[in-house]
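Chains as they are written, first to last, in numbering that gives the first Met the number 0: chain A, 0 to 145; chain B, 0 to 145; chain C, 0 to 145; chain D, 0 to 145.
There are 4 protein chains.
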Amino acid sequence: MVANKMDKKFTHKIHVRWSDCDPAKIAFTGRIPYFALEAIDAWWEHVIGDDWYRLNLDKNIGTPFVHITVDFRRPVTPRHILCCQVQLVKLGDSSVRFSVHGTQDDQLCFEGEFVEVFVAAQEHIKIGIPQEFKERVESQLVIENE
Amino acid sequence: MVANKMDKKFTHKIHVRWSDCDPAKIAFTGRIPYFALEAIDAWWEHVIGDDWYRLNLDKNIGTPFVHITVDFRRPVTPRHILCCQVQLVKLGDSSVRFSVHGTQDDQLCFEGEFVEVFVAAQEHIKIGIPQEFKERVESQLVIENE
Amino acid sequence: MVANKMDKKFTHKIHVRWSDCDPAKIAFTGRIPYFALEAIDAWWEHVIGDDWYRLNLDKNIGTPFVHITVDFRRPVTPRHILCCQVQLVKLGDSSVRFSVHGTQDDQLCFEGEFVEVFVAAQEHIKIGIPQEFKERVESQLVIENE
Amino acid sequence: MVANKMDKKFTHKIHVRWSDCDPAKIAFTGRIPYFALEAIDAWWEHVIGDDWYRLNLDKNIGTPFVHITVDFRRPVTPRHILCCQVQLVKLGDSSVRFSVHGTQDDQLCFEGEFVEVFVAAQEHIKIGIPQEFKERVESQLVIENE
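Set out below in structure tokens:
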């Protein structure tokens, strides 16, 4: 059984704050990748039950990023909740690619892609996607022509 | 007279610290864009004499980012100084594209591209590259086949 | 009618993350004041309907801090939700003093006090506590011998 | 031979940036403890040759904070270099107390005190001040009536 596309859209909500904003009165550019990364951390917790902290410390699974790209469409401010929609768009042998769309008040603020690889955390050696959650992760893959 | 390519390589040094690192004992992914952005802020101060703070508050010139992309090659740690080399690689009518290369101990740690546009800061309306420093900025443009 | 002491205990919950932690695998010292400040920002939004961002930009009311003190009792980690209990413990003519207690899994992690003053935001001149929400704020004051 | 008081004043300079500032156009309150902590990290590197990262990872010496207090005197902005003067003001059996004074353009912006304790980093057990650098640290103690 394959989950349908809607099921695979995970949304993480962030309350943007005064401390996130710069003198231009909008969230500082460097905060946007933080928001997207937080949403991906929440995706892991949602899909496999462990966030990066537990994966790393309890299971010796590290997931360093090798690539990020973000296009900024509209400023992010504290006036509305920031909804970060995370989707798994590609699954390699030892890597995962996410897209993250950030919206406020139903307007797209940024969109980006983020690629993580799996490593043995202590040894820092590349590993395949761990068997224990491979299936759960695969089930989240969004097939474009689905 | 055109400056040669070497003159156009501006390097900003960052002392990476404990506070930048996560439990994997390396600088957190989200810190890398911060480092690159800091280097670009320093580039402006070096080239035109004003950093983003002064540009924005004193001259009403805002320079929001519309795009960033970063490829991570090696972990960044506090063990070596992080040298961020900034180059202006493209100049549009109202935008500038920078490349930033981050090295530690002569090893490439990350490389990325960052695109800013010019706006009237208070009005948040797109403007052309300001006349008062247009020439100085143009002189920094790296021509690939130069 | 006076609210009883329990009503005056506002709790703000924070999901501590990988990005908050340092190589000692606990939230970095400098993050703790951020957490407490976030809880105070949430207190304002809860009590008067405006957070610092709206107070400052929409009502020209600034609330800079003049004092903070924090005692750290136990490490903060991503393993449990961080509950930040905020109480208004003193109300001066133009200042407010909060206590913030941070607990995880019912264990006290930190406690601190934070003092803000009221200023006209643009002019940066001290002002009294604004009439429009003075009563609501006063109603939150915790009387120790109450 | 005892170093005189002037020799014991270590100053760490910080270039405050756009990214440190909030919509009030000054460094966000939560950044000030970060600046002071960075200055203390630099003090360790200056006095014993190791920063927190090396102390922790290479020598298994952790130095968690148990107390911080900061009084804010004037706003911190990117307009001037922030000079953080660090002094060791108290030395216990297994703790150190620092004072940090932050000035910009010769005006006091903040002053605070920060207390660290020594622990075996992996075991998280309190230890005495390590013999290998005890003498060097003691030599930095500022005697008020000196």
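Glycine included, C-beta positions come from ideal geometry on N, C-alpha and C.
Checklist entry - Which of the residues in the segment 15-44 of chain D, read from start to end, lie with their CB under 7 Å from any CB of chain C? => result P22, A23, T28, G29, P32, Y33 and L36
Checklist entry - With burial defined as no fewer than 16 other Cβ atoms inside 10 Å of the residue's Cβ, what is the status of A23/C: buried or exposed? => result buried
Item to check | Sheet register partners of G101/D (DSSP bridge) | outcome: C83/D and F109/D
Next on the checklist: Does the segment 47-54 of chain C come into contact with the segment 13-22 of chain A, if we say contact requires no fewer than three beta-carbon pairs (one atom in each stretch) closer than 8 Å?
Outcome noted: yes
Item to check | Reduced DSSP secondary structure (H/G/I, E/B, other) of R30/B | outcome: helix
Item to check | Beta-carbon gap between R73/A and L107/A smaller than 8 Å | outcome: yes
Checklist entry - Taking the beta strand (DSSP E) that V69/C falls in, what are its first and last residues? => result F64 to F71
Item to check | Segment limits, alpha helix (DSSP H) that includes C133/D | outcome: The amino acid at residue 133/D is misidentified as Cys; the sequence shows Lys. Unbroken alpha helix (DSSP H) run through K133/D: Q130 to E137.
Checklist entry - In angstroms, rounded to a whole number, what distance separates the CA positions of F71/C and T102/C? => result 11 Å
Item to check | Contact set for I47/C: own chain, Cβ-Cβ below 6 Å, skip 5 residues either direction | outcome: F132 and R135
Item to check | Interface residues of chain B facing D50/D [CB-CB closer than 8 Å] | outcome: R16, W17 and P77
Checklist entry - Using the beta-carbon count (16 or more within 10 Å), is A35/B buried or exposed? => result buried
Item to check | For A23/D, the three-state DSSP class (helix, strand or coil) | outcome: coil
Item to check | beta-carbon I128/D near the ligand COA non-hydrogen atom, thresh 7 Å | outcome: Summarising the ligand content, the structure contains no ligands, and the ligand COA is consequently not present.
Item to check | D104/B classed as buried or exposed, judged by whether at least 16 other C-beta atoms fall within 10 angstroms | outcome: exposed
Checklist entry - Would DSSP call E115/C helix, strand or coil? => result strand
Item to check | Beta bridge counterpart(s) of K125/D as assigned by DSSP | outcome: V118/D
Item to check | Members of the segment 55-78 of chain D that neighbour chain B once the beta carbon cut-off is set at 7 Å | outcome: L56 and P77
Item to check | Neighbouring residues, chain D, relative to A120/C (Cβ below 8 Å) | outcome: A23
Checklist entry - Touch check for the segment 55-71 of chain D and the segment 83-100 of chain B: three-plus C-beta pairs under 8 Å? => result no
Checklist entry - For D57/C, is the classification buried or exposed, using 16 other Cβ atoms within 10 angstroms of its Cβ as the cut-off for buried? => result exposed
Checklist entry - Does DSSP put V141/A in a helix, in a strand, or in coil? => result coil
Checklist entry - What three-state label does DSSP hand H45/A in the structure shown? => result helix
Item to check | Burial state of D6/C (16 or more Cβ within 10 Å) | outcome: exposed
Next on the checklist: Closest to E137/A by C-alpha separation, out of T68/A, A26/A, A120/A and V88/A, would be which residue?
Outcome noted: V88/A
Checklist entry - Nearest to Q130/A by CA position, among Q121/A, I142/A and F117/A, is which residue? => result F117/A
Checklist entry - So, is V1/C buried or exposed, given that buried needs 16 or more other C-beta atoms within 10 angstroms? => result At V1/C the pLDDT is 49, less than 50, meaning the model places this residue with poor confidence; the figure from the coordinates comes in the next sentence. Exposed, because fewer than 16 other Cβ atoms sit within 10 Å of the Cβ of V1/C.
Next on the checklist: Is the separation between the beta-carbon of V99/C and that of Q84/C shorter than 8 Å?
Outcome noted: yes
Next on the checklist: In whole angstroms, give me the CA-to-CA distance for G29/A and I142/D.
Outcome noted: 43 Å
Item to check | Residue closest to I31/C, alpha-carbon to alpha-carbon, out of I67/C, V114/C, G127/C and E115/C | outcome: I67/C
Checklist entry - What residues in its chain sit with their C-beta under 6 Å from that of F9/A, if we drop five residues either side in the sequence? => result W42, H45 and V85
Next on the checklist: Quick check on the burial criterion: 16 or more other C-beta atoms within 10 angstroms. Buried or exposed for I80/C?
Outcome noted: exposed
Checklist entry - So, is G111/B buried or exposed, given that buried needs 16 or more other C-beta atoms within 10 angstroms? => result buried
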